[in-house]
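Asker: Top line first, the protein sequences correspond to chains V and F.
Using the working numbering, read the first sequence as starting at 26 and increasing by one per residue.
Using the working numbering, read the second sequence as starting at 26 and increasing by one per residue.
Positions of the beta carbon are idealized from the N, C-alpha and C atoms, including for glycine.
Protein chains: 2
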Amino acid sequence: MKDVVKIFKALGDENRLKILHIIGSQEVCACKLLEFLEIGQPTLSHHMKILCDSGIVSSRKDGKWTHYKINKDTIKHTADYMQVTLFGNTAAQSCCNGC
Amino acid sequence: MKDVVKIFKALGDENRLKILHIIGSQEVCACKLLEFLEIGQPTLSHHMKILCDSGIVSSRKDGKWTHYKINKDTIKHTADYMQVTLFGNTAAQSCCNGC
DNA sequence: CTTATACATCGAAATTTGTCAATATAAAAT
DNA sequence: ATTTTATATTGACAAATTTCGATGTATAAG
Numbered sequence: 026m027k028d029v030v031k032i033f034k035a036l037g038d039e040n041r042l043k044i045l046h047i048i049g050s051q052e053v054c055a056c057k058l059l060e061f062l063e064i065g066q067p068t069l070s071h072h073m074k075i076l077c078d079s080g081i082v083s084s085r086k087d088g089k090w091t092h093y094k095i096n097k098d099t100i101k102h103t104a105d106y107m108q109v110t111l112f113g114n115t116a117a118q119s120c121c122n123g124c
Numbered sequence: 026m027k028d029v030v031k032i033f034k035a036l037g038d039e040n041r042l043k044i045l046h047i048i049g050s051q052e053v054c055a056c057k058l059l060e061f062l063e064i065g066q067p068t069l070s071h072h073m074k075i076l077c078d079s080g081i082v083s084s085r086k087d088g089k090w091t092h093y094k095i096n097k098d099t100i101k102h103t104a105d106y107m108q109v110t111l112f113g114n115t116a117a118q119s120c121c122n123g124c
C-alpha cells in the first residue's frame, strides 16, 4: 500500500499535475518543461525525481538532455486500484458502460 | 484542477487509505474506524474532515454518531481523470479490454 | 582546452501536514 | 439534572514538503 500512497502523494501537487499535462502522451525534456512552468530549475528537478521515484514517469538520458515520459502502466494500475481494490467494484462494474 | 489536487492529496496518506479500505462499500461510524486504527480520536476527526472536504467521503449525522461512506462518483471521476483527461486516452482505450 | 548548456545535488528558509492533549459540543443514558 | 458517550475544535509541536540560491557534473560546442 505504501507504493500507492507514494503515487497519490506524487499526484497531489499542482505543479506536478501541470507537468503531467504538459508531457501528455509525448516524450519531453526538462528544458521544455521549464518553459511552461513558473518554477526554478532545481525545483523542477526535485519534482521530476518525485514523479520518477513513484513510477509515474520514466526518464531516458540522451546526451545533455533527459527525456521524460509518463509510465501508463502505473497510471492504469492506480486507476484500477481506485475502482477495484479500494471499493470492491468488479472490472465490469467500473468500466465498459453498455458493453 | 485544484479540486483534483485536493483529492490526490487526500488519498496520499497511509491512514486515510486505511480508512477508505475499512469503509469499503459500507457506511461506518467514526468510533468503528477508531477500533482499527492506531491514531487518537482528534486525529481521526482531522482525517475525516480532509476526506469529506475533498469530496471522497460524505457524512451523515445520526444522533450521537456520524456515519461515513465513500462517494463513488468522486472516485469514478478521479479515475477517469487519470486515464482520460491526463493522458488523452479514450474511454475505449483505457478500459474494455477485449470488448 | 575553455566555455556554454542541461541537469542534479546540497543546504537553508518558509510553508504545510500529521499528531496529540486539552477542551468544547451535543445527544443519550442514568 | 448529572453523567456518559461520540465527535469536533483548538493550540502546540515535530516532521515532511516546497522552493530557491549556490554549486557540482557531465556533455556538447567553440
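Can you tell me whether DSSP reads F:K27 as helix, strand or coil?
Answerer: What you label residue 27 of chain F is simply residue 2 of the second sequence in a count that begins at 1. Correct three-state label for F:K27: helix.
Asker: Cutting at 8 Å between CB atoms, please list the residues of its own chain near V:L42, excluding the five before and the five after it.
Answerer: Locating residue 42 of chain V in the first sequence gives position 17, where the first residue counts as 1. Within the same chain, V:L42 has close Cβ partners L36.
Asker: Classify F:S79 as buried or exposed, calling it buried when 16 or more other Cβ atoms lie within 10 Å of its own Cβ.
Answerer: What you label residue 79 of chain F is simply residue 54 of the second sequence in a count that begins at 1. Looking at its Cβ environment, which holds 16 or more other Cβ atoms inside 10 Å, F:S79 is buried.
Asker: Pick out the complete alpha helix (DSSP H) segments inside the stretch 45–121 of chain V, 4 residues or longer, and give them in chain order.
Answerer: Taking only runs of at least 4 residues, the alpha helix (DSSP H) segments lying wholly in the stretch 45–121 of chain V are 55–61, 66–79, 97–105, 116–119.
Asker: Counting only C-beta atoms, is F:V29 closer than 8 Å to chain V at any point?
Answerer: One-based indexing of the second sequence puts residue 29 of chain F at position 4. Yes, because at least one Cβ of chain V sits closer than 8 Å to the Cβ of F:V29.
Asker: Using a Cβ-Cβ cut-off of 8 Å, state whether V:L42 counts as contacting chain F.
Answerer: Counted from its first residue, the first sequence places residue 42 of chain V at position 17. Chain F, which has a Cβ nearer than 8 Å to the Cβ of V:L42, makes this yes.
Asker: 8 Å is my cut-off, CB to CB: does F:T91 come that close to chain V?
Answerer: Mapped onto the second sequence, residue 91 of chain F falls at position 66. So, not an interface residue.
Asker: Let me check understanding here. Comparing Cα to Cα, which of F:Q51, F:T110, F:T103 lies closest to V:M107?
Answerer: Your numbering for residue 107 of chain V matches position 82 in the first sequence. That would be F:T103, whose Cα lies nearest to the Cα of V:M107.
Asker: Measure the beta-carbon distance from V:I75 to V:F61 and round it to whole angstroms, keeping in mind my assumption that it falls under 8 Å.
Answerer: Counting from one through the first sequence, the residue named residue 75 of chain V turns up at place 50. Counting from one through the first sequence, the residue named residue 61 of chain V turns up at place 36. So it is not a contact: roughly 18 Å between Cβ atoms.
Asker: Run the CB neighbour count on V:D28, radius 10 Å, all protein chains shown included, and call it buried at 16 or more, exposed below.
Answerer: For the purposes of this step, residue 28 of chain V is taken as the residue at position 3 of the first sequence. V:D28 comes out exposed.
Asker: Taking 7 Å as the limit between beta carbons, can you name the residues of its chain near F:S83, skipping five residues before and five after?
Answerer: Taking the first residue of the second sequence as 1, we reach residue 83 of chain F at position 58. Result list for F:S83: C77, K94, N96, in chain order.
Asker: Relative to the C-alpha of F:H72, which residue among F:D98, F:D87, F:D38 is closest?
Answerer: Looking up residue 72 of chain F in the second sequence gives position 47. Comparing Cα-Cα distances from F:H72 to each of F:D98, F:D87, F:D38, the minimum goes to F:D38.
Asker: Do F:I44 and F:L58 have their C-beta atoms within less than 8 Å of each other?
Answerer: As a first step, residue 44 of chain F is located in the second sequence; it is residue number 19 there, counting from the start. As a first step, residue 58 of chain F is located in the second sequence; it is residue number 33 there, counting from the start. Closer than 8 Å, so yes.
Asker: Output yes if chain V places a C-beta closer than 8 Å to the C-beta of F:K34; else output no.
Answerer: Mapped onto the second sequence, residue 34 of chain F falls at position 9. Chain V, which has a Cβ nearer than 8 Å to the Cβ of F:K34, makes this yes.
Asker: Comparing C-alpha positions only, which one of V:G49, V:M26, V:F33, V:C54 sits nearest to V:G88?
Answerer: Taking the first residue of the first sequence as 1, we reach residue 88 of chain V at position 63. Of the listed residues, the one whose Cα sits closest to V:G88 is V:C54.
Asker: For F:T99, which residues from the same chain have a beta carbon less than 6 Å from its beta carbon, with the 5 sequence-adjacent residues on both sides left out?
Answerer: For this step, residue 99 of chain F is matched to residue 74 along the second sequence. Hits under 6 Å: G80, I81.
Asker: With a threshold of 7 Å on Cβ separation, who are the neighbours of V:T110 within its own chain once the five nearest residues in sequence on each side are excluded?
Answerer: Counting from 1 along the first sequence, the entry for residue 110 of chain V is found at position 85. Cβ neighbours of V:T110 beyond the five flanking positions: none.
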